[in-house]
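Each remark here refers to the structure printed beneath this line.
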């Protein structure tokens, strides 16, 4: 079997580099962005949980607050009965709940979202491993030697 010529090796290297930059790195960025969005939802639910707990501790039903209308425009709002609140349950739906119902829902929802972030973290680790594997294949294809551990960088 004849050794491959430099032109075919260069073509293969270019194909693998294109695959890394056009497919794997984009997939990794999508997974990480999705995970960040889920972390943001968890943060919002935990903030709501803290607000509900402070409402329960204060014991007053009367509430003054500021409501964001969008684009950082706030108006003052006066809530006469804060014993029930509307909670976003997903897909644009809101459900009226008591404080205890909302706290139960928030606990279930945050545990579900946390499990989903763990799944996304595993997916990102798999993509990083695939990137590393393709880079090792490129190194072998080009006949380069191993980098010492101190000079290696995480992808």
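Numbering (our numbering), first residue to last: 81 to 235. Quick reminder that beta carbons are idealized off the backbone N, C-alpha and C, glycines included.
Distance from the CA of residue 163 to the CA of residue 205, rounded to the nearest whole angstrom, comes to 44 Å.
The continuous stretches of alpha helix (DSSP H) do not include residue 160, and DSSP gives it neither H nor E. A check of alpha carbon separations from residue 215 across 146, 99, 183, 125 identifies 99 as the nearest. Each of 211, 212, 177 was checked against the Cα of residue 129, and the nearest Cα belongs to 177. Between residue 115 and residue 200 the beta-carbon gap is near 4 Å, inside 8 Å, which marks them as a contact. Taken through DSSP and simplified to helix, strand or coil, residue 154 comes out as strand. Around the beta carbon of residue 189, 16 or more other beta carbons sit within 10 angstroms, so the residue counts as buried.
Residue ranges of uninterrupted alpha helix (DSSP H) with 4 or more members, entirely inside the segment 94-148 and ordered along the chain, are 105-138. Ranked by Cα distance from residue 144, the first of 157, 151, 135 is 157. For residue 224, the number of other beta carbons within 10 angstroms of its own is below 16, and it is reported as exposed. Using a 10 angstroms sphere on the CB of residue 211, the tally of other CB atoms reaches 16 or more, which defines it as buried. Here DSSP, grouped into helix, strand and coil, assigns residue 223 to coil. Only exposed fits residue 171, as fewer than 16 other CB atoms lie within 10 angstroms of its CB.
Membership of residue 170 in the beta strand (DSSP E) is indicated by the continuous run 164-170.
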